[in-house]
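Note that the UniProt record's numbering gives residue 69 to position 52 of the sequence shown, counting from 1, and the numbers run on in steps of one.
Below is one structure, written out as structure tokens; comments come after it.
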Amino acid sequence: DTGAYERAFDAAVAADERIEPRDWMPDAYRATLVRQMAQHAHSEIIGMQPEANWITRAPSLRRKAILMAKVQDEAGHGLYLYSAAETLGTSRDELLDKLHSGRQKYSSIFNYPTLTWADVGAIGWLVDGAAITNQVPLCRCSYGPYARAMVRICKEESFHQRQGYELLLALGRGTPEQHAMAQDAVNRWWWPSLMMFGPPDDESAHSAQSMTWKIKRHSNDELRQRFVDICVPQAESLGLTLPDPDLRWNEERGHYDFGPIDWTEFKEVLKGNGPCNEQRLTQRRRAHEEGAWVRESAAAYAARHTSRTDG
Ligand code: ACO
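Have a look at this one:
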């Protein structure tokens with residue numbers, strides 16, 4: 018009787034209990050989680066590329082060590098998330114295949130280029146800042162393995178955000194050229210960071226259902242507003258401006274108002290027409306092909322190990 022299972026599932030979600038891999042769940046709940054978690058995992062590993070672009074050109078040994086650690090963390094986040102997605106009965110190979118063939122998405126933000134060293138700072142401050150704003154509520158997501166993976170990811174993301182902020186602070190207090198470089202990076206990353214939160218609520222296909230299931234805890238617009246409110250005072254202490262003439266405090270709402278977002282640009286990036294879509298996917302496919310020997314060796318080793326212990 019599916020009805021009884023369904024009632025138990027609904028009751029568990031209503032009581033804020035966690036749904037675990039062996040529990041019964043509606044097919045659409047499982048499919049939504051696979052979609053969102055896969056997209057999230059893909060974003061983490063594609064997100065390594067824009068920053069890795071600067072590892073060989075970091076301005077000091079200290080900055081280089083920090084950046085390498087950060088890019089490695091992103092790989093780790095991808096692995097936690099692929100593992101968590103596998104608990105839903107899908108394999109990592111299948112998910113990667115869907116990424117490589119363009120059947121699953123990754124975040125729009127990683128289709129923009131990193132033109133200067135200051136972009137590493139802007140990504141840490143804004144992109145990782147937006148990621149934290151979106152991901153902290155996911156620690157309370159109804160699906161246990163996803164929620165638990167998010168706890169550790171958020172701790173590491175906080176460190177990433179701080180390093181970006183500190184990097185921009187150093188540039189902001191540097192020479193006029195360094196200050197200008199920091200400002201230019203913030204100008205270019207601000208609007209794409211706001212797009213990370215997804216389409217406006219009235220155009221968000223999945224939000225209502227995902228919020229009923231407590232996969233999402235807040236709407237896209239709600240989290241976007243929270244992010245803007247956090248960033249304005251931080252920009253002031255950095256001595257940098259945000260590139261939006263409409264940005265001002267609204268006493269009545271108790272929030273900052275901000276200007277219109279260019280949703281045409283967002284849609285183009287999702288369709289594959291962003292500045293770096295092609296480069297990112299080509300590089301990802303190449304990395305996967307070049308890693309084939311590692312996967313084969315690991316599989317051969319595991320097979321030998323199993324047959325030895327078996328007999
Ligand atoms: N980039 C690419 N695609 C997006 C983005 C974005 N910034 N925002 C929304 N979309 C896609 C959705 O995946 C969905 O497409 P689909 O139906 O083909 O899957 C479509 O646009 C409609 O959007 P929504 O209905 O609002 O989708 P959803 O309810 O999944 O909300 C959101 C989108 C907020 C991104 C959600 O999936 C989420 O919280 N994901 C987890 C966080 C995450 O993926 N972060 C990755 C970037 S952070 C980082 O890696 C450092």
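Think of the CB as a built atom: it goes at the ideal place given N, C-alpha and C, for glycine as much as any other residue.
N- and C-terminal bounds of the beta strand (DSSP E) containing residue i
i      : result
Trp266 : Arg265 to Asn267
His94  : Here His94 belongs to no beta strand (DSSP E); instead the alpha helix (DSSP H) covers Leu78 to Glu103.
Tyr273 : His272 to Asp274
C-beta atoms of residue i and residue j nearer than 8 Å
i      : j      : result
Thr131 : Glu68  : yes
His223 : Thr104 : no
Tyr129 : Ile63  : no
Leu240 : Asn151 : yes
Leu255 : Leu185 : yes
Pro154 : Arg234 : yes
Pro209 : Asn237 : no
Ile149 : Glu174 : yes
Glu61  : Glu23  : no
Ile36  : Ala29  : yes
Leu287 : Phe275 : no
Arg312 : Phe127 : no
Candidates the options, of which the one nearest residue i by Cα
i           : options                           : result
Arg302      : Thr49, Leu105, Thr104 and Ser118  : Ser118
Ile140      : Ile170, Asn204 and Asp18          : Asn204
residue 339 : Glu23, Ser108, Val88 and Met65    : There is simply no residue 339 to check, as the chain begins at 18 and stops at 328 in what is shown.
Tyr273      : Tyr123, Ser324, Asp145 and Val245 : Val245
Gly146      : Pro76, Leu188 and Gln251          : Gln251
Gly181      : Ala164, Val137 and Glu173         : Val137
Ser77       : Ala187, Trp207 and Thr323         : Ala187
Gln195      : Leu257, Gln242, Glu111 and Ala315 : Leu257
Glu295      : Glu34, Pro43, Leu116 and Ala86    : Leu116
Met212      : Glu253, Leu143 and Arg270         : Leu143
Met228      : Ala75, Cys158 and Glu307          : Cys158
Thr299      : Asp40, Gln66 and Arg39            : Gln66
Ala86       : Tyr99, Leu98 and Ile72            : Ile72
Tyr160      : Asp201, Ala202, Phe176 and Ala101 : Ala101
His57       : Ser125, Gln226 and Glu307         : Ser125
Val51       : Gly106, Ala197, Glu285 and Asn70  : Gly106
Pro277      : Thr323, Gln242 and Gln178         : Gln242
Residue i versus residue j: straight-line alpha-carbon distance, rounded
i           : j      : result
Tyr46       : Phe283 : 26 Å
Ala32       : Pro260 : 43 Å
Pro292      : Pro193 : 28 Å
Ala135      : Gly189 : 10 Å
Gly328      : Ala309 : For Gly328, the predicted model reports a pLDDT of 47, less than 50, meaning its position is unreliable; a value from the coordinates is still stated below. Straight-line Cα distance between these residues: approximately 29 Å.
Asp279      : Asn290 : 15 Å
Asp114      : His59  : 11 Å
residue 331 : Cys171 : Past the boundaries of the shown model lies residue 331; the chain is included only from 18 to 328, so the question cannot be answered.
Gln121      : Arg321 : 34 Å
Cys248      : Ala304 : 35 Å
Ala21       : Asp27  : 10 Å
Arg74       : Trp207 : 24 Å
Ala164      : Tyr99  : 13 Å
Gln200      : Glu269 : 30 Å
Pro162      : Arg39  : 11 Å
Gly93       : Val168 : 13 Å
Phe176      : Cys156 : 17 Å
residue 334 : Trp41  : The requested residue 334 does not occur in the structure, where the chain is confined to residues 18 to 328.
Phe214      : Asn267 : 21 Å
Glu183      : Ser221 : 34 Å
Ile232      : Pro43  : 13 Å
Ala315      : Glu34  : 38 Å
Pro262      : Glu306 : 46 Å
residue 329 : Asp219 : Limits of the chain in this structure are 18 at one end and 328 at the other, which puts residue 329 out of reach.
Residue span of the alpha helix (DSSP H) that contains residue i, given as start and end
i      : result
Tyr163 : Gly161 to Gly189
Tyr129 : Here Tyr129 belongs to no alpha helix (DSSP H), and DSSP marks it neither H nor E.
Arg305 : The question names Arg, but residue 305 is His in the sequence shown. Unbroken alpha helix (DSSP H) run through His305: Asn294 to Glu307.
Met198 : Pro193 to Met212
Cys248 : Asn237 to Leu255
Trp280 : Trp280 to Glu285
Ala45  : Asp44 to Ile63
Asp145 : Asp145 to Gln152
Lys288 : Taken as a continuous stretch (DSSP letters only), Lys288 belongs to no alpha helix (DSSP H), as it is neither H nor E.
Asp27  : Thr19 to Ala31
Leu259 : No alpha helix (DSSP H) contains Leu259, which DSSP labels as neither H nor E.
Leu113 : Arg109 to His117
Ala222 : Looking at the DSSP string, Ala222 is not in any alpha helix (DSSP H), and its letter there is neither H nor E.
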